[in-house]
Structure formats: structure tokens, C-alpha cells
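**Student:** The sequence shown: position 40 = 39 (numbering that gives the first Met the number 0), numbered continuously.
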Amino acid sequence: MLPPRIDTLPAFAHGIDPVLFCEDRLRFNSGQPFVPDPWQARLLRSNAAKIILNVGRQCGKSTVVASLAVHTALYQPGSLAVLISPSLRQSAELMLKCREFFRALGTSIALPEDNKLSATLANQSRIIVLPGDNPRTIRGFSAPALVVEDEAAFVKDETHAAMIPMLAASTNGRMVLMSTPWLTMGHFYEIWTNGEGWERYEIPTSQCLRVRPEWLAERKREDPLTYAREYECQFGSGDEGLFTEAMLSRMEVDDFELVEL
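1. Judging by CA-CA distance, which residue of C232, V64, N53 is the nearest neighbour of Q89?
2. Do P76 and S124 have their C-beta atoms within less than 8 angstroms of each other?
3. With a Cβ-Cβ cutoff of 8 angstroms, do V81 and F140 count as a contact?
4. Indicate whether C97 and P180 have their beta-carbon atoms separated by less than 8 angstroms.
5. Within its chain, find whatever has a CB closer than 6 angstroms to the CB of V175; leave out the 5 residues flanking it on each side and keep chain order.
6. Look up M318 in the DSSP assignment and say whether it is helix, strand or coil.
7. When the Cα atoms are used, what is the spatial distance from T170 to L52?
8. Based on DSSP bridge pairs, tell me the residues matched to L52.
9. Starting from the C-beta of V258, find all residues in its chain whose C-beta is less than 6 angstroms away, skip the five residues before and the five after it, and write them out in chain order.
10. Measuring alpha carbon to alpha carbon, tell me which of F20, K60, G185 ends up nearest V154.
11. Under 8 angstroms by Cβ, that's how I've got C21 and L43 pegged, so tell me the actual separation to the nearest angstrom.
12. If you compare alpha carbons, which of L87, E150, N133 is closest to T62?
13. Provide the residue(s) that pair with P130 in DSSP beta bridges, ordered along the chain.
14. Less than 8 angstroms between the C-beta atoms of G172 and P143, yes or no?
15. Would you report the Cα separation of R4 and L104, rounded to the nearest angstrom?
16. Just tell me which of A121, E112, S236, L87 has its CA closest to the CA of T136.
17. In chain order, what residues of the same chain have a beta carbon less than 7 angstroms from the beta carbon of H13, not counting five sequence neighbours either side?
18. I'd like the list of long-range same chain contacts for I127, defined as Cβ closer than 6 angstroms, with 5 residues on each side in sequence excluded.
19. Determine the DSSP secondary structure at D36, reduced to helix, strand or coil.
20. Could you name the residues of the same chain whose beta carbon sits closer than 7 angstroms to that of F187, not counting the 5 residues immediately before and after it, in chain order?
21. DSSP three-state call for D222: helix, strand or coil?
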């Protein structure tokens, strides 16, 4: 009797097409499949080494970052994906999204190490999420396959500068910067406006079918200036008030460790 034939075609297709992988294998906790929006699909299928996205709120930035990291870890054995968020709280949330997708993959995926900020797979791939408020935490990692800055406009310039040397020894390493816009200053703004060799995406929230137009219209009536920045991908000058946004940004503290009660 011949042994049962193992159909490797779906696994092969999922390896070369991250969008098909997401649609067929990734599920949210609700049970709904992750079907990428057009801009998310374009990002997932891109081979560009440097990608920057100026994205409105509620468009699914963190979700697509998590799916990209999971796909990289599964189909590039021994790879390293480093995901940077502005604060420890946001980094922990990003890892939760990765873990949600790993759970959807079922028992075929082993996670020998799995904690709030990192996961190591059985194939020795690693996903590490880090807060971007301290450049010292970024040093020490080398040759990553993927480096992502989520909400990059709020990551310190010094942290971004510390990330660049990580890719020096990576022949196929990729960097993705994505954020809602903030001020007309800082590395995210400078790269968006003047950076060379970057693949650019601009996605206002109005393009997201999950956000109701009437809800957006209400936000616009409430505060047109904030609306333009948060939902229409427009950078703010920060010159409208007594204290500029640059001054307020330097005084902000948004790095509180989560405490489970």
C-alpha cells in the first residue's frame, strides 16, 4: 500500500504569498479571518527593502505588522524580526497581536519561549518587540530579517538612529516605518518628505471600510485640525497654541508597565 500523499502545495503557496497565508490561516480571537485591505496586501507582497507608510487612525497598522512578523518567522527559519513601538505598553499590545495569530495557527506551531515581549519558534526564528523610548534597548541585535517602527512619528530620533546599524550585516533585511503623522520635524517626517529609495504609502482613514463616514464627519466637526492629522495624513505644525506640540511632546511620559490585577 502506498503511503498517503502529503499535499505541499498550500504550504508552498502560503510561503510565497503572505496575503493568501493571512486569508487562509490567520484568525482573530473572534474567529473572523484576517482578510488584508488593499494597502495591507500591497505591503505584505512588497519586496522593497525600505517602506514608509503615512496612515490614518484605525486603519490596521498594528495588525498588518503582526501578520508580517509572523509570516517572516514561519517561512524564514532562524530569522529575527524586531518590532519597535513608542512605549512599553504599546510594545506589549503588539506582541499580543502576534500571539493571537500564533494561537490561530494551532498546535502545529511550537513556541518554546513566549512572553510579553518576545517569542522564539521551534525553527529558531525570533520575534522581539521593544519600546522606542530608550535607544540603549535597541543595541545588541544584528542581521534582522525585518525591522519595523510602529507609530514611528512618536519613536525617538535617537532610537531610530540606533536601529540603522542592525541592518549593516543583513543582506536581505527590510525596514518598515509606519505611523499616523505628528509634527513637521523628526525622522519620520524627514524620511517621508525627503528620504530617497523608500516605497511610500499614504492611507487616510476614509479609505478604511470598517470606519463609518458619519463617525469621521463628526470627528471633523469637533476638531478640524486634529482630524486632519489623525485621519487625513497631514502633519501638524504645532504653532497654534501657547505651548507648541514639540514642547508638549518633550514633557509627555507614556511608558507605564502593565500590571495585571
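A virtual CB, placed ideally from N, CA and C, is assigned to each residue, including glycine.
This one's a predicted model, so the numbers in the text were calculated from it and none came from an experiment.
**Tutor:** This is what the structure holds:
1. Of C232, V64, N53, the residue nearest in Cα terms is V64.
2. Result yes, Cβ atoms of P76 and S124 sit closer than 8 angstroms.
3. Yes.
4. Their beta carbons are not under 8 angstroms apart, which means C97 does not touch P180 by this criterion.
5. If we look at V175 and ignore the five residues flanking it on each side, its Cβ neighbours are I50, V147.
6. With the chain covering 0 to 260 only, the question about residue 318 has no answer from this structure.
7. Distance between T170 and L52, taken at the CA atoms: about 23 angstroms.
8. Beta-bridge pairing links L52 to M177, Y200.
9. The pLDDT assigned to V258 is 43, lower than 50, so where the model puts this residue is not dependable; a value taken from the coordinates is nonetheless given after this. Nothing meets the Cβ criterion.
10. Taking only the C-alpha atoms, the option nearest V154 is G185.
11. Cβ-Cβ separation between C21 and L43: approximately 7 angstroms, consistent with a contact (criterion under 8 angstroms).
12. Comparing Cα positions, the closest option is E150.
13. BP columns for P130 point to S84.
14. Cβ atoms of G172 and P143: closer than 8 angstroms.
15. Reliability fails at R4, whose pLDDT of 42 lies under 50, so the model's placement of it is uncertain and no value is given.
16. For T136, the nearest C-alpha among the options comes from L87.
17. L19, F20, D23, R24.
18. Excluding residues within five positions, the ones whose Cβ falls inside 6 angstroms are V81, S117.
19. Residue state, collapsed to three classes: coil.
20. Closer than 7 angstroms at Cβ, skipping near neighbours: A151, A152, L176, S178.
21. Three-state DSSP puts D222 in coil, outside helix and strand.
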